[in-house]
Each structure stands twice: as C-alpha cells, then as structure tokens.
Amino acid sequence: MNKEEFISALKNLNINITDKTLNDLDTYYKILIDYNSHTNLTRITEENEVYLKHFYDSLTLVKAIDLDNQTLLDIGTGAGFPGLVLKIVFPNLKVTLVDSLNKRITFLKSVIEKLGLKDIEAIHARAEEYALDKRESFDIVTSRAVANMSMLSELCIPFVKDHGYFVPMKADANEELKGAKNAIKTLGGVLKDTIIFELPYDAGTRTLIKIEKLVKTSVKYPRKFSEIKKKPL
Numbered sequence: 116m117n118k119e120e121f122i123s124a125l126k127n128l129n130i131n132i133t134d135k136t137l138n139d140l141d142t143y144y145k146i147l148i149d150y151n152s153h154t155n156l157t158r159i160t161e162e163n164e165v166y167l168k169h170f171y172d173s174l175t176l177v178k179a180i181d182l183d184n185q186t187l188l189d190i191g192t193g194a195g196f197p198g199l200v201l202k203i204v205f206p207n208l209k210v211t212l213v214d215s216l217n218k219r220i221t222f223l224k225s226v227i228e229k230l231g232l233k234d235i236e237a238i239h240a241r242a243e244e245y246a247l248d249k250r251e252s253f254d255i256v257t258s259r260a261v262a263n264m265s266m267l268s269e270l271c272i273p274f275v276k277d278h279g280y281f282v283p284m285k286a287d288a289n290e291e292l293k294g295a296k297n298a299i300k301t302l303g304g305v306l307k308d309t310i311i312f313e314l315p316y317d318a319g320t321r322t323l324i325k326i327e328k329l330v331k332t333s334v335k336y337p338r339k340f341s342e343i344k345k346k347p348l
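In structure tokens, the structure reads:
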C-alpha cells in the first residue's frame, strides 16, 4: 500500500487526512525504521507494508467506535499500534500508551517529542500494576494482538469507564470470543458488536470486538498476570 493507496483507503473509512498528518506519519515511519535497526520493535519494515499492516490497520478502529474527543488507553502498545497512529490522525484524542518493555516506551517518547504531540503519554508499566491507579478512567480501551480474549479482558476491562468501551483488535477471534464470554460478564462487560472485515490487498481478516462496560469491575481484578495466565476467567 503506497501513500496514494493509503489516502484512498482511508477515504473508505471516512477519514480525510491533511498533508501535515501524512508528513507526521512519514516521520513516525522513518524514526521506527531507524530505531528498529538496533532495537527490535517490528518485523514489518518495508514502507508499503507498514502503511498497510500497521498504519491503516490501526485506523480501522473507526469501524467500531467514534474517536473524537475521547480518552483512549492502548494496552501493550508495542511500537505504538494502534494508539500512536490514532493520536496522529485524531489529534483531539487524549491517549495513554502502556507497555511493559521500557525500550518501547523510550522509542514512543522520542516520536511524541519529535512530532510535538500533546495530550499523550507513554507509560512503562504492566497493565495489572497500572490498574491500581487508573481504574474506570478511560472512554475507550483497546489492544492489538497482545493476548487471548479471556486474559486480555481481565487486563483491559477494569480500565473502562461506566458505559465506555473495550475494543480489542484481533485477526480471527471466533473461538477466542466463545471462550471469553464468562470473563467479559464477570468483569462487567457486555458484547455489543463483532465487526469482521478483510484488509485490502489480501492482507488478512480482522475482527473488532465492541464490549460495553455496564457494571463496575470488582476490585479483585485484574489479578497478577501469573494468576491470570494460570487460571483465566
């Protein structure tokens, strides 16, 4: 997906990006490739692939939810997908990026500083630790390709505000979703929608799972990660 194809594909998502936004994404890409030369952040490095499988893919979150003037938390953000891409394209978002590896946070902070982005922070923490201070604090919580749905729900749903949304970004998630029904209910969520679509250029199937928070999550969740992994809800 070259830049012209990227711009055209975004129009199908009702996203019209400015020249400045495109320049910011280009700068982000260049910093990513430079940093990736000495610190592994992504195996996808070819420009057309990054624009399709990282940038465009991140922006498909708009298929599930309105992204204007919301607070958004990206758990296990890695190199900033989807959270940093969303912030660049939707500057009115207030974004928090959380990752457990400090090398990723160092990279993210360098991009944020270079682009002069406001209302965004990159936090070095494990999700279950960060939840101690930030429960029920975000309108939207998302995560892309981090863990299976049962585990991910316990790590993410506690952060969601009353009537906010947890929207994980998955590939084929049918079996995962079946196995996560109890976890979603236990944590105070209800499944509102499942949006399945194909990425352009035969790049694969994607699934957005829209879960609304209707009941406050018990303070006993999330548990320590070792417990979550050993005995998922």
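Numbering of the sequence shown is given in this note's numbering, commencing with residue 116 and proceeding in unit increments.
Every residue, glycine too, gets a C-beta built ideally from N, C-alpha and C.
Burial state of residue i (16 or more Cβ within 10 Å)
i, result
"Val-261", "buried"
"His-153", "exposed"
"Glu-290", "exposed"
"Gly-294", "exposed"
"Leu-302", "buried"
"Phe-281", "buried"
"Arg-158", "exposed"
"Asp-234", "exposed"
"Ala-194", "buried"
"Phe-312", "exposed"
"Gly-191", "buried"
"Ser-258", "buried"
"Leu-216", "exposed"
"Leu-128", "exposed"
"Gly-279", "buried"
"Lys-145", "exposed"
"Lys-202", "buried"
Integer-rounded CB distance, given that residue j should sit under 8 Å from residue i
i, j, result
"Leu-176", "Met-284", "7 Å"
"Ala-237", "Leu-270", "The pair is not a contact, with the Cβ atoms about 18 Å apart (cut-off 8 Å)."
"Leu-174", "Ile-130", "6 Å"
"Gly-304", "Ser-268", "7 Å"
"Glu-243", "Phe-340", "6 Å"
"Phe-121", "Tyr-166", "5 Å"
"Leu-306", "Lys-178", "Incorrect: roughly 16 Å between the Cβ atoms, too far for contact."
Alpha-carbon spacing of residue i relative to residue j, whole angstroms
i, j, result
"Lys-135", "Val-204", "10 Å"
"Asp-277", "Ala-246", "15 Å"
"Ile-326", "Ala-298", "12 Å"
"Glu-316", "Asn-263", "It should be noted that the sequence gives Tyr, not Glu, for residue 316. Roughly 26 Å between the two C-alpha positions."
"Tyr-143", "Lys-346", "39 Å"
"Ser-225", "Leu-156", "14 Å"
"Tyr-336", "Lys-126", "40 Å"
"Val-351", "Pro-273", "Outside the shown range of the chain, which is 116 to 348, sits residue 351, and nothing can be said about it."
"Ile-132", "Ser-333", "41 Å"
"Ile-180", "Met-116", "24 Å"
"Lys-168", "Glu-161", "10 Å"
"Thr-186", "Leu-230", "20 Å"
"Pro-206", "Leu-232", "8 Å"
"Tyr-150", "Pro-197", "18 Å"
Range of the contiguous beta strand (DSSP E) that encloses residue i
i, result
"Met-284", "275-285"
"Leu-306", "304-313"
"Asp-254", "253-259"
"Ala-237", "235-239"
Start and end residues, alpha helix (DSSP H) containing residue i
i, result
"Phe-121", "118-126"
"Ser-225", "217-230"
"Val-204", "198-204"
"Leu-247", "242-249"
"Ala-298", "296-301"
"Ser-265", "264-271"
As an exercise, report each continuous beta strand (DSSP E) stretch of at least 3 residues that is fully enclosed by the stretch 320-345, in chain order. 320-328
Which whole runs of the alpha helix (DSSP H) in the stretch 132-215 are 4 residues long or more, in chain order? 134-151, 162-165 and 198-204
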